[in-house]
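Under the numbering used here, the first residue of the sequence shown carries the number -1, and numbering increases by one thereafter.
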Amino acid sequence: MRLILLGPPGAGKGTQAQHIVERHGVVQLSTGDMLRAAVKAGTPVGLKAKDIMASGGLVPDEVVVGIIADRIEEPDAKNGFILDGFPRTVPQAEALDKLLKSKGLALDAVIELRVNEGALLRRVETRIAEMKARGEAVRADDTPEVLSQRLANYRAQTEPLVDYYGEKRKLATIDGMKSIEEVTADIKRVLDALSESAARPVKSRKPAAKKAKAKKAAKAASAGRSAKKAKAVKKATKKAAKTVVKKAAKKAAPKRAAAQKAKKSAKPAARKAKTAARRGAAKGARRGSKASSRPVKKVTKKRAKAAGRLTKRG
Ligand code: AMP
-1 MRLILLGPPG AGKGTQAQHI VERHGVVQLS TGDMLRAAVK AGTPVGLKAK DIMASGGLVP
59 DEVVVGIIAD RIEEPDAKNG FILDGFPRTV PQAEALDKLL KSKGLALDAV IELRVNEGAL
119 LRRVETRIAE MKARGEAVRA DDTPEVLSQR LANYRAQTEP LVDYYGEKRK LATIDGMKSI
179 EEVTADIKRV LDALSESAAR PVKSRKPAAK KAKAKKAAKA ASAGRSAKKA KAVKKATKKA
239 AKTVVKKAAK KAAPKRAAAQ KAKKSAKPAA RKAKTAARRG AAKGARRGSK ASSRPVKKVT
299 KKRAKAAGRL TKRG
């Protein structure tokens, strides 16, 4: 198991890391502890880090990355490790990704202990007072002033890692303000769930990336199918529309022809009728001018008698 414990100074990372070491048989790799050992031993790294650490600053990325690269090569780290205090910056996290990838290793989870800064300061002040009261040596950087500086560094440089690992779906956030036992129990639940999913048969454990790829492929295939379908439907609709137009035209053709014929034959008939009417009228008019212009006289007895007289005489 390879884990990272993320959280501001004083959040209880060291204490919780110890519980994980006991339960899971992994080693705790604390850059703070290693740097303090280097300062104590007076190594070149220690000499470089001494003043930076005393002021609450951050030791250069390449120094801590170098320390971690060497440390995870050691035999006791082969079974897994828990990183405490590393990475502390995004470049350190990126360097760790590269390092693990080059060794064919993967990170299992990043556990963030979320705490309230005000409460954290009060907690540290109480602890320092208690240590002093017991006559114990207090770390040079364990003062409220230096702690404030370290908290500011955490906010500015380390907190972006919450998003960094959140996006990689590696992050589990735990309320670090609870009691040590409660926090231990919460971390245990997270790690048990992780072990359970790791123990599940590979077949039923489709990696998220594979799942997403399959989903994407299915979507693309269905999009392709629907695009093809749409094209076919368009083509069929066009064809059907053409057929309908053709059929309608065919159906309408005889009707149209008959109408045209009727129109054609109706024209001369009408013309004929018109001409006939004209002629009839003219004839009538002519007849009218001869006969009808003269009023028809009734053949009365008187007129008949007169006509007879005329005939006798003639
Ligand atoms: P810690 O015990 O983790 O709080 O670390 C103590 C001091 O060591 C820090 O205040 C830093 O000065 C230095 N240090 C530890 N780890 C790192 C790191 N990953 N990057 C830079 N500086 C570190």
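Ideal placement from N, C-alpha and C gives every residue a C-beta, glycine not left out.
Query	Result
S146 Cβ short of 8 Å to the ligand AMP heavy atom set	no
6 Å CB neighbourhood of H17 in its chain, flanking five on each side removed	T182
Touching by the beta-carbon criterion (3+ pairs, under 8 Å), the region 158 to 173 and the region 108 to 125	yes
Three-way DSSP call (helix, strand, coil) for A280 in this model	Summary for A280: the model assigns pLDDT 44, below 50, so the residue's position carries little reliability, and this model does not support an answer.
A93 Cβ short of 8 Å to the ligand AMP heavy atom set	no
Cut-off 7 Å between Cβ atoms - residues of its own chain near V297, not counting five sequence neighbours on either side	With a pLDDT of 49 at V297, under the threshold of 50, the modelled position of that residue is not reliable, and no figure is offered here.
Three or more C-beta pairs below 8 Å linking the region 27 to 38 and the region 62 to 73	yes
For V37, three-class secondary structure by DSSP	helix
Residues surrounding the ligand AMP [beta-carbon distance to nearest heavy atom under 5 Å]	P7, T29, G30, L33, M51, L56, V57, V62, G83, F84, R86
Per-residue burial, A131 [other beta carbons within 10 Å of its own, 16 or more giving buried]	exposed
8 Å CB neighbourhood of D184 in its chain, flanking five on each side removed	I172, D173, K176
Option nearest D59 by Cα separation, candidates I178, A135, T29	T29
Proximal residues to A47 (C-beta, below 8 Å), its chain only, five neighbours per side dropped	L33, A36, V37, V57, V61
Coil, strand or helix - S177 by DSSP	coil
Residue range of the unbroken alpha helix (DSSP H) whose run includes Q14	11 to 22
L1 beta carbon less than 9 Å from that of L105	yes
Whether L4 touches L149 by CB criterion (9 Å)	no
Best match in A117, E128, G133 for proximity to S146 [C-alpha to C-alpha]	A117
Under 9 Å between C-beta atoms of P89 and L119	no
Contacting residues, own chain, Cβ-Cβ under 7 Å from V136 (five flanking each side not counted)	I126, M129, K130
E115: first and last residue of the uninterrupted alpha helix (DSSP H) it sits in	115 to 131
Endpoints, alpha helix (DSSP H) assigned at D68	59 to 69
Proximity winner among E123, V122, E180, N114, relative to R153 (alpha-carbon distances)	N114
Helix, strand or coil at D161 according to DSSP, with G and I counted as helix	helix
Buried/exposed call for A15, threshold 16 Cβ in 10 Å	buried
Assumed close pair G78, M(-1) - CB separation to whole angstroms, cut-off 8 Å	4 Å
Cβ distance (whole Å) where I80 is taken to contact V144 below 8 Å	Between V144 and I80 the Cβ distance is about 25 Å, and since that is not below 8 Å, they are no contact.
Cα-Cα separation between A75 and K217, rounded to whole angstroms	43 Å
Close Cβ partners of G10 (< 7 Å) along its chain, the five nearest in sequence each way excluded	L111, G174, I178, V181
Nearest-angstrom beta carbon gap, G8 and R121 [assumed within contact, 8 Å]	6 Å
Cβ neighbours of D190 in the same chain (closer than 8 Å, five flanking residues each side left out)	none
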